[in-house]
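Chemist: In terms of the working numbering, the sequence shown opens at residue 8 and continues consecutively.
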Amino acid sequence: MSNIPFQIQNFEQYQQYYSQSVEDPEGFWADIASNFYWRKPWKKTLQWNFTEPDVKWFVGGKLNITENALDRHLAERGDQTAIIWEPNDPNDDAVHITYRQLHQRVCRFANVLKKYGVVKGDRVCIYLPMVPELAVAVLACARIGAVHSVVFGGFSAQSIADRINDAQCKVVVTSDGAYRGAKEIPMKAVVDDALVICPSVETVLVMSRTRTPVSMIKGRDRWLEQEEKYVTAECPAEEMDAEDMLFILYTSGSTGKPKGVVHTVGGYMVYASYTFANVFQYQPGEIHFCTADIGWITGHSYIVYGPLCCGATSVIFEGVPTYPDAGRLWDITDRHRINILYTAPTAIRSLMGFGLQYVEGKDLSSLTKLGSVGEPINEEAWHWFKTNIGKDKCPLVDTWWQTENGGIMISPLAGITPEKPSYATLPLPGVQPVLVDENGNEIEGNGVSGNLCIKFPWPGILRTTYGDHERCRQTYFSTYPGKYFTGDGCLRDEEGYYRITGRVDDVLNVSGHRIGTAEVENAINMHLGVVESAVVGYPHDIKGQGIYAYIITEEPLNDADLTRKDILATVSRIIGPIAKPDKIQFVAGLPKTRSGKIMRRILRKIAEGDTSNLGDTSTLLDPGVVDEIKAGAL
Ligand code: WT7
Numbered sequence: 008m009s010n011i012p013f014q015i016q017n018f019e020q021y022q023q024y025y026s027q028s029v030e031d032p033e034g035f036w037a038d039i040a041s042n043f044y045w046r047k048p049w050k051k052t053l054q055w056n057f058t059e060p061d062v063k064w065f066v067g068g069k070l071n072i073t074e075n076a077l078d079r080h081l082a083e084r085g086d087q088t089a090i091i092w093e094p095n096d097p098n099d100d101a102v103h104i105t106y107r108q109l110h111q112r113v114c115r116f117a118n119v120l121k122k123y124g125v126v127k128g129d130r131v132c133i134y135l136p137m138v139p140e141l142a143v144a145v146l147a148c149a150r151i152g153a154v155h156s157v158v159f160g161g162f163s164a165q166s167i168a169d170r171i172n173d174a175q176c177k178v179v180v181t182s183d184g185a186y187r188g189a190k191e192i193p194m195k196a197v198v199d200d201a202l203v204i205c206p207s208v209e210t211v212l213v214m215s216r217t218r219t220p221v222s223m224i225k226g227r228d229r230w231l232e233q234e235e236k237y238v239t240a241e242c243p244a245e246e247m248d249a250e251d252m253l254f255i256l257y258t259s260g261s262t263g264k265p266k267g268v269v270h271t272v273g274g275y276m277v278y279a280s281y282t283f284a285n286v287f288q289y290q291p292g293e294i295h296f297c298t299a300d301i302g303w304i305t306g307h308s309y310i311v312y313g314p315l316c317c318g319a320t321s322v323i324f325e326g327v328p329t330y331p332d333a334g335r336l337w338d339i340t341d342r343h344r345i346n347i348l349y350t351a352p353t354a355i356r357s358l359m360g361f362g363l364q365y366v367e368g369k370d371l372s373s374l375t376k377l378g379s380v381g382e383p384i385n386e387e388a389w390h391w392f393k394t395n396i397g398k399d400k401c402p403l404v405d406t407w408w409q410t411e412n413g414g415i416m417i418s419p420l421a422g423i424t425p426e427k428p429s430y431a432t433l434p435l436p437g438v439q440p441v442l443v444d445e446n447g448n449e450i451e452g453n454g455v456s457g458n459l460c461i462k463f464p465w466p467g468i469l470r471t472t473y474g475d476h477e478r479c480r481q482t483y484f485s486t487y488p489g490k491y492f493t494g495d496g497c498l499r500d501e502e503g504y505y506r507i508t509g510r511v512d513d514v515l516n517v518s519g520h521r522i523g524t525a526e527v528e529n530a531i532n533m534h535l536g537v538v539e540s541a542v543v544g545y546p547h548d549i550k551g552q553g554i555y556a557y558i559i560t561e562e563p564l565n566d567a568d569l570t571r572k573d574i575l576a577t578v579s580r581i582i583g584p585i586a587k588p589d590k591i592q593f594v595a596g597l598p599k600t601r602s603g604k605i606m607r608r609i610l611r612k613i614a615e616g617d618t619s620n621l622g623d624t625s626t627l628l629d630p631g632v633v634d635e636i637k638a639g640a641l
């Protein structure tokens, strides 16, 4: 796209678009979708019900998303940089990859996948650090119609195995190791541990990054560099149906193991691109830096697919914001003349704490737009970012959305619609949010709060949870029949602006990472000597939420500190370091109702340090446990 035809230009137009999107959603989305390259046009724009649920967009349309992200740009901007790769070590040279080069690398990689028998519909697990090969591997899958399942590099072998087995992946793509800040992290060794229990995997493609010694099993493991020598850089794109699966991405819920959120080719492409162009008001030639990992949806939509489909230059950063010091993001902004900077409140809060000396001396004048994502942003962090990084001249968009949404749902459009600190503000045209009370009744008017639902489909909505459609129905479409339930609480102020107040289910948001309390409890309960546990979130200055675990052990502990450390090791082993509790309190009992249900409300209050009013405890089986827990609170 040279100039972007579906970009909203002013507030009046926002309102027009919004009305049109409600009055004639099909016409609205058909207009937007017509700006992409389709091999065959669709026959029906939308077919849906939220009961089964069954949602199909652009029915009968044929396309390949990589032709939109790559091929389409070659004539006009083949020599423009598509990806800037900033390595972990600031002394190593950054790598610039043009659209033409990216196209060739994707085709080559796709041919390697083909050589190992990957065909349309097969699942490929990608477990890589933030290197260009990660984007290349993702696009290579899309090129041949394979379904990618990217697993964030911080997950444990057990988590990888669960995800591989759930999706029955045929191939795994990984690296020998990874550099993250001052640390060198094994990747292949973790995959090796996972594969002991993954019979579906036939081939492991290993990219060399750290060249740490790794085991390479004959017949299964292959060096990627070696394989790429023997294939060509030509690979025709597979013709995909708009509703064919593009990827699976696992995310946590309030119960059970993470579920595989499924996105399909046509709708996801349209939605990721539409939101990228509009929310960030992307202008041709701008350099976009999203600091998320491609292992999360933010990276899928706003490092890879959205920017590339719009012909932007997208930055992939291998390292962390605090290495070699807390000025790294500002240093990258300065050196690469970044225009759009999209990051998370947790990063802002952490960098704020290091002081302004890390910002001073950095030329941030290239910045035109700032964005925040992943968790509520507090006013202090909002203002700090806006003033010290955006120098009060850049719009700052607080973008609310979820893995299941495919792209941004509620957010200002940079410089076009109003901003309000700590508010995601207004829905994008095409998004119809509603607030509902506990009985499922819609709450009309302004100055109200309730549970946030969406009452009409948008192209980026999840289609199913992999291998378990009933779970998808139950989780998102059964609480409030006829509506998609987000799991978030929300306030709509007097002016109609939306403010997300946080999850209303048992899902935690720790440093922008979504973690289910049940998942953490299950991991803790696997530890030797643990009888039972209850996990809740509590407010944490930097992480947004911290993890507080109450644990009952079989016997009194000799060395509680050591047992704490052992339990952390178990949680790391079962889920990954991101799920490690910040606080562990050993207790003799948990506050349970007569029917055996843990009263989390009480545990949350104690974890928050607010024990003055615990509410009604008369329904508890043994109200005495509460005093004991209060006395031992951390
Ligand atoms: C949950 C989704 C796709 C974004 C990355 C996280 C919370 C996300 C905001 C925001 C307040 C936010 C919600 C949501 N959340 N963005 N701007 N303000 N809360 O995706 O892992 O699927 O998590 O993150 O609670 O439900 P995710």
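Ideal Cβ placement from N, Cα and C applies to all residues, glycine included.
By Cβ distance below 6 Å, which residues in the same chain neighbour D513 in space, the five residues on each side in sequence not counted?
Modeler: Your numbering for residue 513 matches position 506 in the sequence shown. Excluding positions up to five away in sequence, the list reads S261 and T524.
Chemist: Under 7 Å: does the beta carbon of I531 sit that close to some heavy atom of the ligand WT7?
Modeler: Residue numbering aside, residue 531 sits at position 524 when the sequence shown is read from its first letter. Outside the cutoff, so no.
Chemist: Are there 16 or more other CB atoms within 10 angstroms of the CB of R216, so buried, or fewer, so exposed?
Modeler: Counting from 1 along the sequence shown, the entry for residue 216 is found at position 209. R216 should be labelled buried.
Chemist: Here's the rule I'm using: 16 or more other beta-carbon atoms within 10 Å means buried, otherwise exposed. How should P383 be labelled?
Modeler: By one-based count along the sequence shown, residue 383 stands at place 376. Its Cβ being crowded by 16 or more others within 10 Å, P383 is buried.
Chemist: Apart from the five residues just before and just after D248, which ones in its own chain have a Cβ nearer than 7 Å to its Cβ?
Modeler: Counted from its first residue, the sequence shown places residue 248 at position 241. Hits under 7 Å: K69.
Chemist: Unbroken beta strand (DSSP E) runs of length 3 or more, entirely within the region 266-299: which are they?
Modeler: With a minimum length of 3 residues, the continuous beta strand (DSSP E) runs that stay inside the region 266-299 are 266-271 and 294-297.
Chemist: Taking the beta strand (DSSP E) that H476 belongs to, which residues open and close that run?
Modeler: To locate residue 476, count along the sequence shown from 1; it is residue 469. Run containing H476: none in the beta strand (DSSP E); it sits in the alpha helix (DSSP H), H476 to C479.
Chemist: Excluding five sequence neighbours on each side, which residues of the same chain lie with their C-beta closer than 8 Å to the C-beta of T471?
Modeler: By one-based count along the sequence shown, residue 471 stands at place 464. Same-chain partners within the cutoff: V269 and C479.
Chemist: Measure the C-alpha to C-alpha separation of L146 and A351 and round it to an integer number of angstroms.
Modeler: Working through the sequence shown from its first residue, we reach residue 146 at position 139. Working through the sequence shown from its first residue, we reach residue 351 at position 344. So the alpha carbons of these two residues sit roughly 25 Å apart.
Chemist: Find the nearest neighbour of A576 within the set L564, W407 and I591, judged by alpha-carbon distance.
Modeler: Residue 576 sits at position 569 when you count from the first residue of the sequence shown. Comparing Cα-Cα distances from A576 to each of L564, W407 and I591, the minimum goes to I591.
Chemist: Does the Cβ-Cβ distance between M137 and I323 come in under 8 Å?
Modeler: Translated into positions along the sequence shown, residue 137 becomes position 130. Translated into positions along the sequence shown, residue 323 becomes position 316. In this structure, I323 lies closer than 8 Å to M137 by Cβ.
Chemist: When you measure from the CB of R510 to every non-hydrogen atom of the ligand WT7, does any distance come out below 7 Å?
Modeler: Within the sequence shown, numbered from 1, the residue matching residue 510 stands at position 503. Because some heavy atom of the ligand WT7 lies under 7 Å away, the Cβ of R510 counts as near it: yes.
Chemist: Using 7 Å as the cut-off, classify the Cβ of W465 as near or not near the heavy atoms of the ligand WT7, replying yes or no.
Modeler: In the sequence shown, residue 465 corresponds to position 458, counting from 1. False, no ligand heavy atom lies under 7 Å from that Cβ.
Chemist: With a threshold of 16 other CB atoms inside 10 Å of the CB of V203, please say whether the residue is buried or exposed.
Modeler: As a working note, residue 203 is residue 196 in the sequence shown. By the neighbour-count rule (16 or more Cβ atoms within 10 Å), V203 is not buried but exposed.
Chemist: Output yes or no for whether 8 Å exceeds the beta carbon distance between L515 and Q481.
Modeler: The count along the sequence shown starts at 1 and reaches residue 515 at position 508. The count along the sequence shown starts at 1 and reaches residue 481 at position 474. Not closer than 8 Å, so no.
Chemist: Is V594 near I558, with beta carbons less than 8 Å apart?
Modeler: Working through the sequence shown from its first residue, we reach residue 594 at position 587. Working through the sequence shown from its first residue, we reach residue 558 at position 551. The answer is yes: Cβ separation under 8 Å.
Chemist: On the CB-based measure, 16 or more other CB atoms within 10 Å of its CB, does E528 come out buried or exposed?
Modeler: Reading the sequence shown from its first residue, position 521 is the one you call residue 528. Classification of E528: buried, given that the 10 Å Cβ count is 16 or more.
Chemist: Is the beta carbon of L459 closer than 8 Å to that of D495?
Modeler: Translated into the one-based positions of the sequence shown, residue 495 becomes position 488. Translated into the one-based positions of the sequence shown, residue 459 becomes position 452. Yes, the pair counts as a contact, with Cβ atoms nearer than the cut-off.
Chemist: Alpha carbon to alpha carbon, how far is T600 from L610?
Modeler: Looking up residue 600 in the sequence shown gives position 593. Looking up residue 610 in the sequence shown gives position 603. So the two alpha carbons sit approximately 13 Å from each other.
Chemist: Is any heavy atom in the ligand WT7 found nearer than 7 Å to the beta carbon of A586?
Modeler: Here residue 586 refers to the residue found at position 579 of the sequence shown. A586 Cβ: outside cutoff for every heavy atom of the ligand WT7.
Chemist: For A168, does the count of other Cβ atoms within 10 angstroms reach 16, so buried, or fall short, so exposed?
Modeler: Reading the sequence shown from its first residue, position 161 is the one you call residue 168. So A168 ends up on the buried side.
Chemist: As an exercise, report each continuous alpha helix (DSSP H) stretch of at least 4 residues that is fully enclosed by the region 333-360, in chain order.
Modeler: Those alpha helix (DSSP H) runs which fall completely within the region 333-360 and span 4+ residues are 335-342 and 352-359.
Chemist: Does the Cβ of R112 lie closer than 7 Å to at least one heavy atom of the ligand WT7?
Modeler: One-based indexing of the sequence shown puts residue 112 at position 105. Result no, Cβ not under 7 Å from the ligand WT7.
Chemist: Hey, A196 and V221 are a contact pair by Cβ (cut 8 Å); roughly how many whole angstroms apart?
Modeler: Sequence index remark: in the sequence shown, residue 196 carries index 189 (1-based). Sequence index remark: in the sequence shown, residue 221 carries index 214 (1-based). Confirmed, Cβ separation roughly 7 Å.
Chemist: Are the beta-carbon atoms belonging to R170 and C132 less than 8 Å from one another?
Modeler: Stepping through the sequence shown from its first residue, residue 170 is reached at position 163. Stepping through the sequence shown from its first residue, residue 132 is reached at position 125. The answer is yes: Cβ separation under 8 Å.
Chemist: Output yes or no for whether 8 Å exceeds the beta carbon distance between K63 and E293.
Modeler: For the purposes of this step, residue 63 is taken as residue 56 along the sequence shown, with counting starting at 1. For the purposes of this step, residue 293 is taken as residue 286 along the sequence shown, with counting starting at 1. No.
Chemist: Any heavy atom of the ligand WT7 closer than 7 Å to the CB of G494?
Modeler: For the purposes of this step, residue 494 is identified with residue 487 of the sequence shown, where counting begins at 1. Checking every heavy atom of the ligand WT7 against the Cβ of G494, one is found closer than 7 Å.
Chemist: Whole angstroms is fine: what's the gap from D573's alpha carbon to A388's?
Modeler: Position 566 of the sequence shown, counted from the first residue, corresponds to residue 573. Position 381 of the sequence shown, counted from the first residue, corresponds to residue 388. So the alpha carbons of these two residues sit roughly 35 Å apart.
Chemist: Excluding five sequence neighbours on each side, which residues of the same chain lie with their C-beta closer than 7 Å to the C-beta of F159?
Modeler: The residue given as residue 159 occupies position 152 in the sequence shown. Around F159: D300, G302 and W303.
Chemist: Touching or not, the region 303-323 and the region 267-284, by the rule of three or more beta carbon pairs under 8 Å?
Modeler: Short answer: they touch.
Chemist: Which class does S456 belong to by DSSP, given the choice of helix, strand or coil?
Modeler: Against the sequence shown, residue 456 aligns to sequence position 449. Here S456 sits in strand by DSSP.
Chemist: Can you say whether P265 is buried or exposed, counting buried as having 16 or more other CB atoms within 10 angstroms of its CB?
Modeler: By 1-based counting over the sequence shown, the position of residue 265 is 258. Label assigned to P265: buried.
Chemist: Compare the C-alpha of Y473 against each of I417, S28 and E411 and name the closest.
Modeler: Position 466 of the sequence shown, counting from 1, holds the residue named residue 473. Residue E411 is the option with its Cα nearest to Y473.
Chemist: Give the single residue among Q165, T424 and T181 whose Cα lies nearest to the Cα of L139.
Modeler: As a first step, residue 139 is located in the sequence shown; it is residue number 132 there, counting from the start. It is worth fixing the name first, because residue 139 is Pro in this sequence and not Leu. For the residues Q165, T424 and T181, the minimum Cα distance to P139 belongs to T181.
Chemist: Touch check for the region 485-495 and the region 82-100: three-plus C-beta pairs under 8 Å?
Modeler: No, they do not touch.
Chemist: Given a threshold of 16 other Cβ atoms within 10 Å of its Cβ, counted over all protein chains shown, does N448 qualify as buried or as exposed?
Modeler: Within the sequence shown, numbered from 1, the residue matching residue 448 stands at position 441. With fewer than 16 other Cβ atoms within 10 Å, it is exposed.
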